[in-house]
Every structure is written in structure tokens, then in C-alpha cells.
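Protein sequence lines, in the order shown, are assigned to chains A and B.
Throughout the first sequence, residue numbering follows the numbering used here, covering 1 to 239 in sequence.
Throughout the second sequence, residue numbering follows the numbering used here, covering 240 to 478 in sequence.
Protein chains: 2
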Amino acid sequence: MVKMVKRASRAELSLGRGPAKGRARRAGPPPANNRASKQTIRCENVARILEAAEAVFATKGFSGATTAEIATRAGIPKPNLHYYFRTKQALYRAVLDDILALWLDATASIVAEAEPADALRRYIEAKMAYSRTRPFASKVFANELLHGAPAVKGFLGGAMKRLVDDKAKVIEGWITAGRIAPIDPYHLFFVLWAATQTYADFDCQIAAVLGKKKLGPTDFDRAGETVATLILRGLRLKV
Amino acid sequence: MVKMVKRASRAELSLGRGPAKGRARRAGPPPANNRASKQTIRCENVARILEAAEAVFATKGFSGATTAEIATRAGIPKPNLHYYFRTKQALYRAVLDDILALWLDATASIVAEAEPADALRRYIEAKMAYSRTRPFASKVFANELLHGAPAVKGFLGGAMKRLVDDKAKVIEGWITAGRIAPIDPYHLFFVLWAATQTYADFDCQIAAVLGKKKLGPTDFDRAGETVATLILRGLRLKV
DNA sequence: GACCATCTTGACCATTTGGTCAAGATAGCA
DNA sequence: TGCTATCTTGACCAAATGGTCAAGATGGTC
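Written out as C-alpha cells, the structure is:
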């Protein structure tokens with residue numbers, strides 16, 4: 001329920017010119033040898049392309065990214081990239097699909113039974129870890145939103161809205177039970193997202209203001225600590 | 240000291256092919272008639288182009304924006320745009336210069352003598368107002384940061400860093416004086432920026448999650464109230 | 001080994017787009 | 001009324017880029 005699109009089906013959607021039609025890629029025993037089987041080739045190439053694409057889309061934006069650069073970064077010729085992903089748009093969608101799944105996962109800790117302080121702290125940690133370890137993913141998503149979310153509007157108003165509605169109810173429950181101070185649950189989430197993702201999306205600004213070349217693990221630790229402190233105190237919880 | 244570049248000098252930097260060299264545009268008496276003088280023409284056209292460019296850069300990004308679209312939106316032919324701004328890059332820089340000035344202004348309320356709660360609340364209001372009234376500006380800036388700030392890296396590590404160093408000292412003073420609870424002043428600012436700008440930069444996400452078509456004034460009010468509440472409580476201040 | 005589906009790649013093309021040019025229009029001034 | 005500097009614009013160009021093609025290579029299977 002959390003994973004939007006499974007890897008296999010995502011790849012399926014973006015298949016190239018002559019991919020296995022029908023019920024190819026059966027679940028049967030994998031080829032005995034561990035050398036490049038057809039299946040492995042496709043998997044590896046798709047993965048390599050997606051990784052390269054995420055990086056290039058993150059740093060250049062959709063329009064600024066060129067399929068040539070993505071192909072080079074993936075270590076393959078451009079026509080080969082277009083074999084796996086017919087169009088730049090399709091490749092972009094595939095990259096986004098990966099990211100959306102990630103995005104939803106982080107809320108796992110927000111459940112009614114949890115201790116609010118623990119749950120929120122864990123959520124902040126998770127989002128902050130995501131900013132540290134997957135900055136490109138965060139940037140691609142940010143870029144998409146910045147330009148009006150043409151490709152993920154449906155997701156935002158659908159799966160994401162439902163998830164947040166859900167989690168907002170949990171927060172409201174905590175408020176009603178007097179476990180945290182009153183706050184608008186939706187805007188609480190918006191602030192949490194903003195405060196954590198800013199360290200991925202706008203890292204260069206933060207680094208520059210801190211007088212560093214790049215953000216290091218200690219910066220992220222300190223950031224997470226600060227955000228958690230502000231939020232927990234902001235909800236009148238023991239820090 | 241707050242305004243980075245004054246309008247006049249900014250225009251100067253981006254002059255087109257054959258603009259008044261030397262000490263043109265003297266401060267002397269303006270042309271008697273209030274009809275289109277040469278000076279007025281330039282001013283109006285530059286302003287119209289900058290406005291159009293801000294909107295297009297905001298919605299399309301730098302690479303996605305075309306000078307043709309900007310020109311159309313400004314109501315002039317493309318070569319005319321290139322007469323005032325030699326290159327797309329120069330136009331982009333001019334748009335950014337405008338934005339950077341705006342950016343710095345908002346911190347005015349953060350001064351040692353102020354009441355922390357008032358000062359912070361006012362700062363949040365100011366940033367939130369900026370998100371509501373100048374969403375395009377915020378988005379252009381966000382986009383620039385997202386892509387590594389190629390055009391404003393100098394500003395970030397220079398004027399902005401100095402300003403924040405300054406304001407961080409004010410915050411530290413408040414902490415030392417026991418007027419607010421301890422917090423990392425830099426990260427406090429990062430959270431404040433993120434929490435307020437998110438309403439401009441990622442408005443479509445917030446609107447979608449709230450189940451609205453667009454964010455209205457009441458949404459911004461509620462957002463500002465929530466952010467202020469969280470932050471003030473987070474610093475153990477009376478809300 | 002032969003046949004097929006999948007994968008690879010150099011060469012190529014149509015479109016988009018930033019930017020130019022040169023001729024003409026317009027304001028300001030003596 | 002000329003004369004100059006500034007402004008305007010249709011036509012045009014070179015480069016970049018998304019995407020295609022067709023021929024060849026490679027793994028899988030009988």
C-alpha cells in the first residue's frame with residue numbers, strides 16, 4: 001500500500017522498442033549461470049539509467065537535462081537509452097515513480113498508538129536521513145513541484161492526500177487526548193517537510209551561509225537535532 | 240546596505256546594444272511632457288521585461304524558459320528583448336538581483352533591542368507575506384538554489400552570510416540573556432526560511448493535499464499562525 | 001548449429017531556440 | 001527642419017537536442 005509502483009511494473013511501463021511482450025520474464029528458475037542473462041542486462045541497464053537520470057534531472061532540471069548527458073553518465077550510447085525509455089518524458093516519469101514511493105514510506109512511524117515524541121522524532125530522523133542519503137531524489141521532486149507538478153499532480157491529490165489525511169487524524173487524536181499541544185496538523189506536516197527537505201534541496205545555500213564547502217554528517221545531525229527540538233517544544237513535549 | 244543593487248545600476252549592467260553611454264540619463268529636469276520620453280520608454284520596457292521574465296523563469300526554470308515566451312508575455316518582439324538584455328543569462332541575472340534585495344529586507348525586525356516574540360513573529364509574517372505576494376520571485380530563487388546556485392553563489396557566501404552571521408549573534412544574545420530557550424541560531428533561520436518559503440515554492444503540493452485548487456489568503460494566514468506558534472513555543476516564548 | 005528475440009550503436013534528421021542583422025521608425029535637440 | 005541617438009522588428013542563422021533508423025552483435029533455446 002505504501003509502494004506506489006513496484007520496480008518491475010515501473011520498468012514495464014517504460015519499455016523500449018522490442019521488449020518481451022506477453023508473459024515474458026516468467027518467475028521460473030533464473031538462468032543457471034550468474035553471467036549477464038537477458039533479464040539481468042535489462043535490469044542493470046535500467047537501474048544504471050535511472051540512477052544517472054536522477055542525478056542529471058536533479059542538477060539540471062527536466063528541460064536542462066539532456067538525454068545525451070544521462071546516457072554518458074550511465075555509460076551507454078544515447079540510442080541505447082532510448083531503447084529502454086522511449087522518451088525523455090517517460091524516463092522522467094520512471095525516475096519520479098521511484099521517488100514517490102520513497103516519499104510515502106517515511107511516515108511509517110506516525111501511528112495513533114505511538115508515543116508522540118518518539119514518533120515525531122523518528123519521522124524527523126527519517127526525513128533528514130532521506131535528505132542526506134538521497135539528495136538527488138529530493139531535488140528532482142522539489143523541481144517537479146516548483147514547476148507546478150505537471151507529472152505528479154494526480155499523485156499529490158490522490159495517494160499523498162489520502163496518506164496525509166490519515167496521518168492528520170492521528171495528530172488530531174493526540175491533540176484531543178491532550179498528548180500534544182493544539183496545532184493545525186496539515187500545516188505541521190508542511191513545516192516538517194519543508195524543514196527537513198530544505199537540507200537536501202537548498203544544501204548549497206545552507207553550506208554557503210555556514211561557511212562550508214559542503215554539508216557533512218555533523219551538519220545533518222545538528223540540523224535534525226534543531227528541527228526535532230523546535231517541533232517537540234512547539235508541541236509542548238519533553239525534549 | 241540592504242539593497243544589493245539599485246534599480247538604475249542593475250539596468251545599467253544589462254544594457255542593450257546602443258544605450259546611453261557615458262553620463263547619459265542625467266538627473267536633470269524630466270522632459271516637460273508626460274508622454275513617452277526615451278527614458279520612460281527604457282524604464283517601462285525594462286520593467287515589463289523583468290516582470291515577464293520572473294514569471295516565466297519561475298514556472299519553467301532557466302533552461303525551460305524561452306526568450307520568445309518572455310518577449311511575448313512582455314508584449315514585445317523578441318529582438319526588442321535582446322536589445323535591452325543582450326543574453327538570456329544577463330536577463331536572468333537581472334531578475335535575480337531584484338530578488339536578492341527583497342530577500343535581505345525581511346530580516347529588518349531581528350534586532351537585539353526588540354522583544355524576541357515580536358521580532359520573530361514579525362519576521363515570519365514578513366516572509367509569509369513575501370511568499371504570498373511574490374511567489375514567482377521565491378520560485379526563481381528556489382530554482383536557482385536547487386541547481387547549485389551557479390549565479391548567486393557569491394551572494395550566498397558574501398552578503399547573505401554576513402547578514403545571517405549578524406542576526407545569529409542577535410539570537411545568541413537573546414539566548415544568553417535567557418530571553419529565549421537555547422537553539423542553534425543558524426538552523427533556526429534555515430527552518431524559518433524553509434517553513435515560510437515552502438508556501439510559495441511548493442504551493443501546488445500544499446494546495447493538492449488541502450484539497451484546494453489554489454491557496455487563498457486564509458490558507459496563508461493559517462500557515463503563518465501555525466509556523467509562528469510552533470517557533471515561539473519552540474523557543475519557549477509566550478504565544 | 002540454426003533460429004529468434006533482445007540488445008547495441010554510428011549515422012542521421014527535424015525542430016527548437018538563443019542570438020544577429022540591417023533597415024526603418026521615433027524622440028530629442030539645435 | 002535637419003541631424004543624431006535610441007528604439008523597433010521581420011527575416012535569418014548556427015548550434016543543440018530529442019528522437020529515429022537500420023545494420024550488426026549477442027544471449028537463449030531447440
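Just so you know, even glycine gets a beta-carbon here, dropped at the ideal spot from N, CA and C.
Name the residue from the options whose alpha carbon lies nearest to the alpha carbon of residue i.
i                 : options                                   : result
Ser377 of chain B : B:Leu289, B:Ser348, B:Leu339 and B:Leu427 : B:Leu339
Ala407 of chain B : B:Ile280, B:Leu431, B:Cys443 and B:Leu384 : B:Leu431
Thr196 of chain A : A:Lys214, A:Glu144, A:Thr133 and A:Pro150 : A:Thr133
Ala291 of chain B : B:Ala333, B:Phe441 and B:Ala439           : B:Ala333
Asp166 of chain A : A:Ala194, A:Arg222, A:Ser109 and A:Lys214 : A:Ser109
Ala114 of chain A : A:Cys43, A:Trp174 and A:Gly234            : A:Trp174
Leu343 of chain B : B:Ala416, B:Met399, B:Asn319 and B:Gly393 : B:Met399
Arg472 of chain B : A:Ala208, A:Asp221, A:Ile180 and A:Asp201 : A:Ile180
Gly158 of chain A : B:Phe441, B:Gly450, B:Ala439 and B:Gly300 : B:Gly450
Gly75 of chain A  : A:Glu44, A:Leu230 and A:Thr176            : A:Glu44
Val409 of chain B : B:Val350, B:Asp440 and B:Pro389           : B:Val350
Arg325 of chain B : B:Ile288, B:Phe441, B:Leu469 and B:Gly393 : B:Ile288
Leu156 of chain A : B:Glu411, B:Arg401, B:Lys452 and B:Asp357 : B:Lys452
Arg222 of chain A : B:Arg475, B:Phe429 and B:Ser276           : B:Phe429
Leu341 of chain B : B:Leu330, B:Val379 and B:Leu474           : B:Val379
Gly154 of chain A : A:Asp97, A:Thr198 and A:Arg236            : A:Asp97
Cys204 of chain A : B:Thr468, B:Asp442, B:Glu383 and B:Lys477 : B:Glu383
Glu293 of chain B : B:Tyr323, B:Thr415 and B:Phe375           : B:Phe375
Lys477 of chain B : B:Asp357, B:Gly387, B:Leu330 and B:Glu411 : B:Asp357
Quick test of your reading: residue i and residue j, contact by CB under 8 Å. State the CB separation rounded to the nearest angstrom.
i                 : j                 : result
Val403 of chain B : Tyr425 of chain B : 7 Å
Ile363 of chain B : Gly463 of chain B : 6 Å
Arg73 of chain A  : Val56 of chain A  : 6 Å
Thr465 of chain B : Ile206 of chain A : Going by Cβ atoms, the distance from Thr465 of chain B to Ile206 of chain A rounds to 23 Å, so no, they are not a contact pair.
Leu385 of chain B : Ala106 of chain A : Not really, about 20 Å apart at Cβ, beyond 8 Å.
Gly417 of chain B : Gly61 of chain A  : With 8 Å as the limit, Gly417 of chain B and Gly61 of chain A do not qualify as a contact, their Cβ atoms being about 46 Å apart.
Val306 of chain B : Lys327 of chain B : Sequence inspection shows Thr at residue 306 of chain B; the Val mentioned does not correspond to that position. Indeed, because the Cβ distance is near 5 Å, the residues count as touching under 8 Å.
Asn319 of chain B : Ala310 of chain B : 7 Å
Ala433 of chain B : Ala194 of chain A : 4 Å
Gly469 of chain B : Ile231 of chain A : According to the sequence displayed, residue 469 of chain B carries Leu and not Gly. Sure, about 7 Å apart at Cβ, within 8 Å.
Report buried or exposed for residue i, applying the criterion of at least 16 other Cβ atoms within 10 angstroms of its Cβ.
i                 : result
Ile280 of chain B : exposed
Val391 of chain B : buried
Arg121 of chain A : buried
Pro316 of chain B : exposed
Val448 of chain B : buried
Lys366 of chain B : buried
Thr457 of chain B : exposed
Asp201 of chain A : buried
Pro389 of chain B : exposed
Thr437 of chain B : buried
Pro355 of chain B : buried
Pro269 of chain B : The predicted position of Pro269 of chain B is uncertain, since its pLDDT is 39 and thus under 50; a value taken from the coordinates is nonetheless stated next. Under this definition Pro269 of chain B is an exposed residue.
Phe459 of chain B : buried
Thr176 of chain A : exposed
Just by C-beta distance, which residues in the segment 381-392 of chain B are closer than 7 Å to chain A? Ala381, Asn382, Leu384, Leu385, His386, Gly387, Ala388 and Lys392
Residues within the segment 316-343 of chain B neighbouring chain A, beta-carbon criterion of under 7 Å: none
For the segment 49-68 of chain A, which residues have a beta carbon sitting closer than 9 Å to at least one beta carbon of chain B? Ala58, Thr59, Lys60, Gly61, Phe62, Ser63, Gly64 and Ala65
Anything in the segment 431-450 of chain B with a Cβ closer than 8 Å to a Cβ of chain A? List those residues in chain order, please. Trp432, Ala433, Ala434, Gln436, Thr437, Tyr438, Asp440, Phe441, Cys443, Gln444, Ile445, Ala447, Val448, Leu449 and Gly450
Where the segment 354-383 of chain B meets chain A: residues whose CB sits under 8 Å from a CB there: Lys378, Ala381 and Asn382
Report the residues of the segment 214-231 of chain A with a CB closer than 7 Å to any CB of chain B, ordered along the chain. Arg222, Ala223, Thr226, Val227, Thr229, Leu230 and Ile231
Short of 7 Å Cβ to Cβ, which residues in the segment 394-416 of chain B face chain A? Leu395, Gly396, Met399, Lys400 and Val403
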